[in-house]
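All remarks here apply to the structure that follows.
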Amino acid sequence: MQKLGRDFYVRTDVVQIAKELLGKIVVTKFEGIYTTGRIVETEAYAGIIDKASHAYNNRRTNRTEIMFGDAGHAYVYLCYGIHHLFNVVCNTTNHPDAVLIRGIEPLEGIDDMLIRCNKKKPDASLGRGPGNASKTLGIQTEHSGMDLQSSQLYLADDGTTGFDVAVSKRIGVDYAAEHAQWLYRFYIAGNPHVTKHTFNKEGILLL
DNA sequence: ATGCCGATGTCCT
DNA sequence: GGACATCGGCATC
0 MQKLGRDFYV
10 RTDVVQIAKE
20 LLGKIVVTKF
30 EGIYTTGRIV
40 ETEAYAGIID
50 KASHAYNNRR
60 TNRTEIMFGD
70 AGHAYVYLCY
80 GIHHLFNVVC
90 NTTNHPDAVL
100 IRGIEPLEGI
110 DDMLIRCNKK
120 KPDASLGRGP
130 GNASKTLGIQ
140 TEHSGMDLQS
150 SQLYLADDGT
160 TGFDVAVSKR
170 IGVDYAAEHA
180 QWLYRFYIAG
190 NPHVTKHTFN
200 KEGILLL
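Taking numbering that gives the first Met the number 0, the leading residue of the first sequence gets 0, the next gets one more, and so forth.
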């Protein structure tokens with residue numbers, strides 16, 4: 000397992016980064032609890048020109064400030080008042096790109112994940128969806144701003160390759176008008192921990 | 001199998 | 001006061 004270095008995040012093509020994050024591993028060790036999961040679904044958010052992004056039109060708030068900072072940090076925010084959504088900040092300072100982690104396949108620490116999610120047995124819904132991905136890994140808004148190089152929250156590569164990558168438009172961003180049509184969502188085809196969501200044929204491609 | 005609904009922090013008008 | 005990068009439960013077909 001090789002921790003992803005700063006160079007991985009400091010790149011200008013956030014869509015390519017979102018694609019490359021598939022198959023990588025999220026590692027958390029919070030209060031002595033170690034959990035890991037494989038990333039199976041991501042979405043790219045392309046900075047100030049992306050109507051679906053919190054940073055659209057250079058909008059800065061206390062919440063979004065982390066997106067404008069250095070790449071390789073966590074951006075975690077509360078969605079609908081309940082769900083803690085985990086993103087990784089990309090590109091350079093003042094270029095607020097981010098990739099939303101939308102689904103993970105549980106690998107290690109599954110017993111602790113079950114406790115966090117109030118479940119008795121693991122199933123396909125464990126880690127499926129951006130809220131659940133964070134919940135299984137114990138990631139919360141208090142972790143926003145963490146450095147993925149030096150903290151107990153980081154991403155790693157175990158060399159896994161060979162899966163089929165599918166592409167679709169992003170989920171839940173219809174308010175972003177024409178930008179909602181961008182093919183910025185990536186997932187591992189056939190993986191059960193990917194959000195159940197059906198689009199028409201134009202929305203889903205296999206790469 | 002499909003659909004509605006409530007929960008509710010942050011940011012906006 | 002309303003919208004929002006969601007989810008699980010319950011109702012209905």
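In this text, a Cβ means the ideal position worked out from N, Cα and C, and glycines have one as well.
Keep in mind it's a predicted model, so treat the numbers as computed, not measured.
Just verifying my parser: in three-state terms, what is the DSSP assignment at residue i?
i    : result
L20  : coil
I187 : strand
N212 : Outside the shown range of the chain, which is 0 to 206, sits residue 212, and nothing can be said about it.
D49  : coil
F162 : coil
I2   : The question names Ile, but residue 2 in the sequence shown is Lys. If DSSP states are grouped into helix, strand and coil, K2 belongs with the strands.
D110 : helix
G137 : coil
N131 : helix
Decide if residue i is buried, meaning its Cβ has at least 16 other Cβ atoms within 10 Å, or exposed.
i    : result
F185 : buried
L206 : exposed
E30  : exposed
Y8   : buried
C78  : exposed
L125 : buried
L204 : exposed
K134 : buried
N61  : exposed
Y74  : buried
I48  : exposed
Looking at the strands, I want to know which residues DSSP matches up with residue i.
i    : result
S167 : R184
H72  : D146
N86  : Y74, L99
With distances taken between CB atoms, is the gap from residue i to residue j smaller than 8 Å?
i    : j    : result
G144 : R115 : no
I170 : H192 : no
E141 : G36  : no
Y183 : A17  : yes
L3   : L154 : yes
V164 : A188 : yes
Just checking, does the stretch 19-26 make contact with the stretch 66-73 on the three C-beta pairs under 8 Å criterion? no
Are the stretch 42-54 and the stretch 110-121 touching by the rule of at least three beta carbon pairs closer than 8 Å? no
For the stretch 173-181 and the stretch 148-164, state whether three or more C-beta atom pairs, one from each stretch, are separated by less than 8 Å. no
With three or more beta-carbon pairs closer than 8 Å as the criterion, would you say the stretch 79-88 touches the stretch 129-140? yes
Meets three-Cβ-pair contact criterion under 8 Å: the stretch 116-124 and the stretch 88-100: Contact between the stretch 116-124 and the stretch 88-100 is absent: fewer than three C-beta pairs spanning the two stretches fall below 8 Å.
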